[in-house]
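The sequence shown begins at 0 in numbering that gives the first Met the number 0 and counts up one residue at a time. Backbone N, C-alpha and C define an ideal beta-carbon position, used for all residues, glycine too. Have a look at the structure below, then the notes.
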Amino acid sequence: MQDPDDLTSKDDASRDNPRREFLSLLMASGFALAVQPVAASTLATDDAGLTVGAVGIPVGKEILPAYRAQPAKPKGPLPVVLVVQEVFGVHEHIQDLCRRLAKAGYLAIAPELYFRQGDARFYPNISDLLAKLVSKVPDEQVLRDLDATADWTLKNGGDANRIAITGFCWGGRIVWLYAAHNPKLKAAVAWYGRLVGEGAPNTPRHPVDVAGSLKAPVLGLYGGQDKGILSESVDRMRAALKAAGSPSQIVVYPDADHGFNADYRPNYHAAAAKDGWARMLAWFARYGVKP
C-alpha cells in the first residue's frame with residue numbers, strides 16, 4: 000500500500016512543491032544508472048500487508064527524504080531498523096530490503112543521506128559518483144540525519160527501546176560510526192563496510208578508530224574475496240574490538256566478494272546472503288530488537 004508524504008506542510012507553500020517532487024521521485028525510483036543492467040538474480044519483495052513509500056523528515060529547515068516500510072496494521076509500537084544506503088543511494092535494492100524487514104515485523108526506514116549534495120541514481124558510472132558526489136558528503140551530516148530519522152520513527156509508530164541499524168557497502172562503514180555515536184541504539188549490523196583508511200575533512204575517522212567507543216554491539220559481515228576490504232583490515236578491526244572488550248563480532252564468508260547481498264549485481268552470493276540475513280535478524284533479536 001503506497002503511503003503519501005507524511006509531512007507535506009499546508010502552511011509552507013514556498014517549499015511544498017519541490018518536496019513533493021523529490022519524494023515522488025524517490026517513490027518511483029528504480030535502480031541507479033551506474034549498476035544497470037541489473038542481474039537476472041534480482042529479487043523483488045511485494046508490499047502486500049505493508050505500508051510503504053516516501054516520507055519527509057524535518058532536519059532544521061530542510062526536509063530529508065526517506066523510504067519507509069512497515070506492517071500495515073501494527074498492534075503497537077514497532078521495532079525500528081535504520082537502513083543505510085549503499086554508495087548508489089536509496090535505489091530499488093535498498094527499498095526492497097526495507098520491505099523485507101517490514102515483512103519480518105520491523106519499521107524499516109532508509110533516508111536519502113546524499114540529498115543535499117545530489118542524487119546518486121543519476122550518475123552513469125561509479126567513478127563520477129564517488130568523485131563528484133560521495134566524497135562531498137560529511138560524516139557529521141550523515142550521523143545528524145540518522146539521528147533525525149530515528150527521532151522521526153519514534154513519533155510515527157516506532158519503539159524507543161528497540162532501535163537497530165544496518166547498512167551496506169558505503170552504509171556498512173556508517174553503521175560502525177553510528178554505533179559509536181548514538182547511545183540509544185541497541186544493535187547494529189554492518190555489511191561489507193570499509194574498516195580502515197586515511198582521515199579526511201569529510202571522513203575524519205573510520206571504524207577501526209571508534210572500536211573502543213561503540214555504544215551498541217556490531218555484527219560485521221564481510222566477503223573473503225573482497226579486493227577492497229582485505230583480510231589485513233578485518234584482522235586489525237578484530238584486534239581493536241578484542242582490545243576494547245567489545246561483544247561485537249565479524250563474520251567472513253570465504254567465497255563471497257564485496258556486495259554479496261546485492262542480488263541485482265554479479266557479485267551476489269546467494270548462500271552468504273541468506274546466512275547473513277538470518278544472522279542479522281538473530282543479532283537484532285539477541286539484543287532485544289525483535290517484533
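When the Cα atoms are used, what is the spatial distance from residue 216 to residue 169?
Residue mapping note: residue 216 aligns to position 217 of the sequence shown, counting from 1. Residue mapping note: residue 169 aligns to position 170 of the sequence shown, counting from 1. Near 19 Å, if we compare the C-alpha coordinates of residue 169 and residue 216.
Identify, in the order they occur along the chain, each residue of the same chain with its Cβ nearer than 7 Å to the Cβ of residue 98, setting aside the five sequence neighbours on each side.
On the sequence shown, residue 98 is found 99 positions in, with the first residue counted as 1. Hits under 7 Å: 44, 46, 49, 51 and 68.
Could you work out which residue in 156, 255, 121 and 112 is closest to residue 142 when comparing CA atoms only?
Counted from its first residue, the sequence shown places residue 142 at position 143. Minimum Cα distance to residue 142 is reached at 112.
How big is the Cα-Cα spacing for residue 242 and residue 39?
Reading the sequence shown from its first residue, position 243 is the one you call residue 242. Reading the sequence shown from its first residue, position 40 is the one you call residue 39. In a straight line, the C-alpha of residue 242 is about 44 Å away from that of residue 39.
Going by DSSP, which residues form a beta bridge with residue 220?
For this step, residue 220 is matched to residue 221 along the sequence shown. Partner(s): 190 and 250.
List the endpoints of the continuous alpha helix (DSSP H) containing residue 94.
Locating residue 94 in the sequence shown gives position 95, counting from the first residue. Residue range 91-102 is occupied by the alpha helix (DSSP H) that includes residue 94.
Skipping 5 residues on each side, what residues in its chain have a beta carbon closer than 6 Å to that of residue 271?
Stepping through the sequence shown from its first residue, residue 271 is reached at position 272. Cβ neighbours of residue 271 beyond the five flanking positions: 252, 255 and 259.
Report yes if the C-beta distance between residue 71 and residue 54 is below 9 Å; otherwise report no.
As a position in the sequence shown, residue 71 is number 72, starting the count at 1. As a position in the sequence shown, residue 54 is number 55, starting the count at 1. No, the pair does not count as a contact, with Cβ atoms beyond the cut-off.
Is it right to say residue 85 is buried, meaning 16 or more other beta carbons lie within 10 angstroms of its own, or is it exposed?
What you label residue 85 is simply residue 86 of the sequence shown in a count that begins at 1. Residue 85 is buried by the Cβ-count criterion.
Between the C-alpha atoms of residue 144 and residue 239, what's the straight-line distance to the nearest angstrom?
As a working note, residue 144 is residue 145 in the sequence shown. As a working note, residue 239 is residue 240 in the sequence shown. CA-to-CA, the gap between residue 144 and residue 239 works out to about 27 Å.
Evaluate contact between the region 204-223 and the region 171-187, counting only Cβ atoms and requiring at least three cross-stretch pairs below 8 Å.
yes
Assuming contact is defined by CB atoms lying nearer than 9 Å, are residue 33 and residue 79 in contact in what I supplied?
Stepping through the sequence shown from its first residue, residue 33 is reached at position 34. Stepping through the sequence shown from its first residue, residue 79 is reached at position 80. Going by C-beta atoms, residue 33 is not nearer than 9 Å to residue 79.
Return helix, strand or coil for residue 206, following the three-state DSSP convention.
Within the sequence shown, residue 206 is the residue found at index 207, counting from 1. Residue 206: helix per DSSP, three-state reduction.
Within a Cβ cutoff of 7 Å, which residues of the same chain sit near residue 263, ignoring the five residues on either side of it in sequence?
Taking the first residue of the sequence shown as 1, we reach residue 263 at position 264. Taken in chain order, the residues that qualify are 30, 34, 37, 38, 41 and 92.
Over what stretch of residues does the beta strand (DSSP E) that includes residue 228 continue unbroken?
Position 229 of the sequence shown, counting from 1, holds the residue named residue 228. First-last for residue 228: undefined, no H or E at that position.
How should residue 185 be labelled, buried or exposed, when 16 other C-beta atoms within 10 angstroms of its C-beta is the threshold for buried?
For the purposes of this step, residue 185 is taken as the residue at position 186 of the sequence shown. Residue 185 is buried by the Cβ-count criterion.
Using alpha carbons as the reference points, say which of 135, 123 and 157 lies closest to residue 81.
Mapped onto the sequence shown, residue 81 falls at position 82. Of the candidates 135, 123 and 157, the one whose C-alpha sits nearest the C-alpha of residue 81 is 157.
Per DSSP, which one or two residues make a beta bridge with residue 66?
Here residue 66 corresponds to residue number 67 of the sequence shown, with the count starting at 1. Looking at the DSSP assignment, residue 66 forms a beta bridge with 53 and 109.
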